[in-house]
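Only one structure is covered here, and it is reproduced in the block below.
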Amino acid sequence: MVIYGSNDHMENIIFELKDVHFSYLGKFPALGGVDIKINQGQKISVIGANGTGKSTFLQILDAIIFADQGSVSFCNEQLNEKLFDNEEFSRNFRRKVGFIFQNPDVQLFCPTVKEDIVFGPLQLGFAKEQIQKRLDKLIDALGIQDLLNRPPYQLSIGEKRKVAIASTLIIEPEILILDEPTAGLDPLTTRHIIDLLIQENINGRTIITSTHDLHIVEEISDLVYVFGHQRKIVKSGLAGDILNDTALLTENNLVHIHSHKHKDKTHIHPHLHLDHHGENH
Ligand SMILES: Nc1ncnc2c1ncn2[C@@H]1O[C@H](COP(=O)(O)OP(=O)(O)O)[C@@H](O)[C@H]1O
Ligand SMILES: [Mg+2]
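The number in my numbering is simply the position in the sequence shown, starting from 1, with 25 added.
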């Protein structure tokens with residue numbers, strides 16, 4: 026029997042992790058057995074309380090660190106440290122996969138914002154005119170014209186985050202990994218960044234975001250993965266289903282249950298974990 030169009034249903038898997046474990050310095054457990062497949066063009070988010078391994082997971086995807094146990098493949102190739110000794114592989118991977126750190130200071134080190142943004146593409150050998158064209162586009166999209174000649178360390182956290190995002194987007198990576206990209210940002214800046222990410226996804230990019238900000242989850246996720254206290258995925262599903270699962274969110278410390286006294290009655294309300302706690306959750 027011929028099954029017509031069966032190829033249409035084939036998934037194009039970019040990352041596949043099987044039972045991935047990681048601990049820092051061999052003694053601080055950070056991932057306790059993560060299994061996940063991420064398809065090309067998906068937008069997914071990773072949510073979970075502090076210390077559940079979100080940042081570690083994203084750094085494993087970006088091959089900043091490598092699994093102690095289990096396997097990580099990228100486009101059917103097993104990632105390991107040795108592979109990155111191969112300059113061509115490494116350059117190719119870095120061009121395809123862009124990473125935006127939770128702390129933008131890690132990413133910004135040039136004397137001016139403009140130099141920081143064009144640093145990556147210059148390193149990767151992009152043509153000057155192409156860099157200028159992309160720079161102009163990003164300046165517009167992020168509203169950062171006035172920052173270009175300033176030293177990055179003087180900027181506010183939101184401005185730094187925008188610059189860090191620009192310095193990654195300018196490479197036009199196929200896959201974007203963002204670690205809490207809206208932490209500490211005002212609503213308008215958050216809006217700009219979310220719009221930009223949605224547009225990048227419409228353009229075909231795979232977007233992988235960790236966040237504490239449950240308000241943005243629906244827009245940035247086809248699928249949501251919840252990291253639990255065991256530092257592994259405890260649940261995955263559609264954003265709507267996960268966000269409506271109050272028991273799941275409460276168990277995993279993503280909403281607070283507050284009790285309020287109204288007149289004589291005590292009411293218990295779940296509260297979203299709002300993104301106003303600043304940095305470094
Ligand atoms: N550089 C590090 N050295 C030692 N332990 C670390 C380091 N970074 C993270 N950890 C530990 O690993 C666990 C997972 O951390 P992390 O991945 O940063 O979680 P999240 O991003 O969800 O807050 C935590 O228990 C944390 O204390
Ligand atoms: Mg983190």
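Ideal Cβ placement from N, Cα and C applies to all residues, glycine included.
Checking the 7 Å criterion, the Cβ of K79 is within range of a heavy atom belonging to ligand 2. As computed with DSSP, Y250 is found in a beta bridge with V71 and S261.
Relative to ligand 1, Y250 has its C-beta separated by 7 Å or more from all heavy atoms. Its chain contains R120, G123, G145, P146 and L149 as the residues whose beta carbon lies nearer than 7 Å to that of I196, once the 5 sequence neighbours on both sides are disregarded; these appear in chain order.
In this model, F114 and K107 are separated by some 10 Å (Cα to Cα).
Taken atom to atom, the span from the alpha-carbon of E154 to that of L273 is near 50 Å.
Between V251 and I63 the beta-carbon gap is near 15 Å, outside 8 Å, which marks them as no contact. If you draw a straight line from the Cα of P212 to the Cα of N111, it is about 43 Å long. When distances are taken from the beta-carbon of G57 to the heavy atoms of ligand 1, even the shortest one reaches 7 Å or more. Distance between V143 and I182, taken at the CA atoms: about 20 Å.
With 16 or more neighbouring CB atoms inside 10 Å of its own CB, K185 falls in the buried class. According to the DSSP assignment, T193 belongs to the alpha helix (DSSP H) that extends over I182 to L194.
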